[in-house]
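Spelled out as structure tokens, the structure:
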């Protein structure tokens, strides 16, 4: 069950959203890589393993399975597996679409419809770590599908709050597809450099992760609200709470 805060050296403390013998759900801090990368900066997976080792006084190596990823600048709900059996069953839930992920984002401008589905082919350039929308059939291209719905707009700021449900898990998918739609994410320097200023924090947050527990099969719901800072605070926190409740009950209206 949830058990407060986790303190790790070098990064802000993390809220523990859920924990038992099989799972660890946390609120990922922004600007921390999910796993070790070329930057050499402290990464979430290593930090969590070290925390478990200390908190439970475990000798030797600690197992922690990475089930899904969030881009480095993105914060919010994440689940990790504390046993290989839990990792295998959660991976199966991802494959069979029983693993729900829902995000909120703030974009420049306003999408052309209140709700819709984006279907694109994405191609990743490993050399530059960038992704582009390419014609269907392009060698190496992968199908990318997401649903979005507009939750609110701020005409004065020229921003819109949207909820996103992923059907595929491609690298930089939300950022690339919404930029291609003409609505780059607030603060995204990679896919919205023409409209965003250096230093702005990307406004993409993992609000909800839901799945059947790998052992008990009971539903597990992780919820994390974005910080009460600009531009998130342009909208009342109640809107994020309503979205979370919709996610839990499956009552969102998408299309």
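Numbering (UniProt numbering), first residue to last: 1 to 255.
The beta carbon of each residue, even a glycine, is placed where N, CA and C say it ideally should be.
Look at residue 79 here: in three-state DSSP terms it is strand. Rounded to whole angstroms, the separation of the alpha carbons of residue 96 and residue 110 is 33 Å. Collapsing the DSSP output to three states places residue 238 in a helix. Looking at the DSSP output, residue 219 sits in a beta bridge with 212. Between the C-alpha atoms of residue 254 and residue 81 there is a straight-line separation of about 30 Å. Per the DSSP secondary-structure output, residue 90 pairs with nothing in a beta bridge.
Burial is judged here by how many other beta carbons sit within 10 angstroms of a residue's own beta carbon; residue 112 has fewer than 16 and is exposed. Considering only 72, 29, 19 and 18, the residue with the shortest C-alpha distance to residue 36 is 72. Boundaries of the alpha helix (DSSP H) harbouring residue 51: 44-55, taken from the DSSP string.
Contact check for residue 19 and residue 77: beta-carbon distance about 13 Å, past the 8 Å limit, so the pair fails to qualify. When the beta-carbon positions are compared, residue 94 and residue 30 stay at least 8 Å from each other.
In this structure, the straight-line span from the alpha carbon of residue 235 to that of residue 241 is close to 11 Å. Ranked by how close their Cα comes to the Cα of residue 222, the residues 205, 228 and 231 have 205 in first place.
Taking one beta carbon from each stretch, the stretch 192-206 and the stretch 116-135 have fewer than 3 pairs nearer than 8 Å; the two do not touch. In this structure, residue 214 lies near residue 85, with their beta-carbon atoms less than 8 Å apart. Excluding its 5 nearest sequence neighbours in each direction, residue 152 has C-beta neighbours in its own chain below 6 Å: 161 and 235, listed in chain order.
Bridge pairing for residue 96: absent [DSSP].
Taken in chain order, the whole alpha helix (DSSP H) runs of length 4 or more contained in the stretch 132-191 are 173-180. The C-beta separation of residue 133 from residue 102 comes to about 22 Å, leaving the pair out of contact by the 8 Å criterion.
Rounded to the nearest angstrom, the Cβ distance from residue 188 to residue 175 is 5 Å, consistent with a contact under 8 Å. With at least 16 other beta carbons inside 10 angstroms of its own, residue 173 counts as buried. Of the residues assessed, residue 114 falls on the exposed side of the cut-off, its CB having fewer than 16 other CB atoms within 10 angstroms. A Cβ-Cβ contact shorter than 8 Å links residue 147 with residue 165. Nearest neighbour of residue 140 by Cα position, chosen from 150, 126 and 158, turns out to be 126.
By the beta-carbon neighbour count (other beta carbons within 10 angstroms, threshold 16), residue 224 is buried. Residue 61 is classed as exposed because its beta carbon has fewer than 16 other beta carbons within 10 Å across all chains shown. Between residue 178 and residue 229, the gap from beta carbon to beta carbon reaches 8 Å or more. Residues 104, 149, 151 and 243 of the same chain have their beta carbon placed closer than 6 Å to that of residue 163, with the five preceding and five following residues left out of the count.
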